[in-house]
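At position 106 of the sequence shown the residue is numbered 134 (the working numbering), and the sequence of numbers has no breaks. Where a beta carbon is used, it is the ideal one built from N, C-alpha and C, also for glycine.
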Amino acid sequence: MPSNKVNTHPTSPPLQPIPAAHDARPFSTLTMDFVTDLPESEGFDSLLVVVDHDVTKGIVLTPCNKTIDAIGTADLLHRNVYDDTDFQTESFQTEDPNSPPRYSRNGIP
């Protein structure tokens, strides 16, 4: 009689890095996330983590507060990623037609 046991060691393909585009620039493909509920330090309790996934594999860690909103996040990105790297990206697109006109579709004021 065949066994209906769950395979607890399934075979999986090896991890493959996502290749960078041939014309990629630093921070043209990036992800961001928040690390929240940290012990307060110098008035901050969270971090904005921005990772470049193409060229540099670099990260930018920016202190912030858990109460930050979309406008505050865009300001942090502008001041700490775009101003420092002198690059723009098309990764940030808003689908909300009610987003403030102060920011363009790619997150740059």
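Residue i, DSSP secondary structure in three states
i       : result
Val-83  : coil
Glu-118 : With a pLDDT of only 47 at Glu-118, under 50, the local geometry of the prediction cannot be trusted, and the value read off the model is given with reservation. Residue state, collapsed to three classes: coil.
Leu-66  : coil
Asp-97  : coil
Asp-103 : helix
Asp-61  : strand
Val-109 : helix
Cross-strand partners of residue i (DSSP beta bridge)
i      : result
Thr-39 : The partner list for Thr-39 (beta bridge, DSSP) is empty, contrary to what the question assumes.
Thr-90 : Leu-76
Candidates the options: closest to residue i by CA position
i       : options                          : result
Asp-111 : Asp-97, Leu-43, Val-88, Cys-92   : Val-88
Ala-49  : Asn-108, His-106, Asp-80, Lys-94 : Asp-80
Leu-75  : Asn-108, Thr-39, Lys-33          : Asn-108
Neighbour-count burial assignment, residue i, 16 or more Cβ in a 10 Å radius
i       : result
Leu-58  : buried
Ile-136 : Because the pLDDT of Ile-136 is 46, which lies under 50, any placement of that residue in the model is unreliable, and the number read from its coordinates should be weighed accordingly. Its Cβ having fewer than 16 others within 10 Å, Ile-136 is exposed.
Ser-56  : buried
Ala-98  : exposed
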